[in-house]
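The structure under discussion appears below in the form of structure tokens.
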Amino acid sequence: MPEAVIDTLRGQAVSAGRRETGGILIGYYRNGEAIITEVTSPPPDSKSGWFRFERGTRGVKSYLEEKWAADPREFYLGEWHSHPTQQARPSSTDHRQMQQISNDPDIDCSQPILIVVAGQAKPLPEFSVGVYDGASDVPAVLKQQTDLAHRGSDYGS
């Protein structure tokens, strides 16, 4: 992820305060590696609270169609949301939703990525990155880090 994407994640999580927020991940694959080029703000019909975030859908399809038609072509890679007062670990609800996404032929993303950002009050929020494969309700890969700017600090799972 470019530094600008990391800054956007951090900024959106902090500006949401104690309410969860989120959006989608956009990018492409190169040599089998996901390259996240953009994280969106929550669509206007999203619902959030202290312990929940339901990403809306208004405008998402048309925005993704624009990205698909652009040069270079980019597309949906997954989801992100914040856990401002909790750990940067996906909840059981998060796991189920990502499994549903990975198995949904209309979404056409068999290995969606989920980024969870936590600790909005800290200057360096924690985050986790999970890759789901549709076969299990837990991520095939889950990495957790304490600072988005220091991506080499991998704590595993």
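Heads up: the sequence shown begins at 3 in the working numbering, then just goes up one per residue.
C-beta: ideal position from N, C-alpha, C; glycine also.
If you're wondering where the values come from, they're calculated on a predicted model, not measured in any experiment.
According to DSSP, simplified to helix, strand and coil, what is residue i?
i           : result
residue 84  : strand
residue 78  : strand
residue 137 : coil
residue 95  : helix
residue 10  : helix
residue 22  : coil
residue 155 : Low per-residue confidence applies at residue 155: pLDDT is 33, beneath 50, and the placement is therefore not dependable, though the value from the model is reported in the following sentence. Residue 155: coil per DSSP, three-state reduction.
residue 15  : helix
residue 71  : helix
residue 104 : helix
For residue i, which residues in the same chain have their Cβ closer than 6 angstroms to its Cβ, ignoring the five residues on either side in sequence?
i           : result
residue 40  : 28
residue 105 : 136
residue 19  : none
Taking the alpha carbon of residue i as the reference point, which residue from the options has its own alpha carbon closest?
i          : options             : result
residue 17 : 86, 135 and 73      : 86
residue 80 : 93, 74, 102 and 94  : 102
residue 43 : 100, 134, 94 and 83 : 83
residue 36 : 46, 72, 63 and 77   : 77
residue 25 : 134, 133 and 115    : 115
Using the Cβ count rule (16 or more neighbours within 10 Å means buried), how would you classify residue i?
i          : result
residue 15 : buried
residue 22 : buried
residue 57 : buried
residue 52 : exposed
residue 61 : exposed
Sorted by chain position, which residues of the same chain lie with C-beta nearer than 7 angstroms to residue i's C-beta, five sequence neighbours on each side aside?
i          : result
residue 3  : 38
residue 88 : 120
residue 69 : 28, 76 and 77
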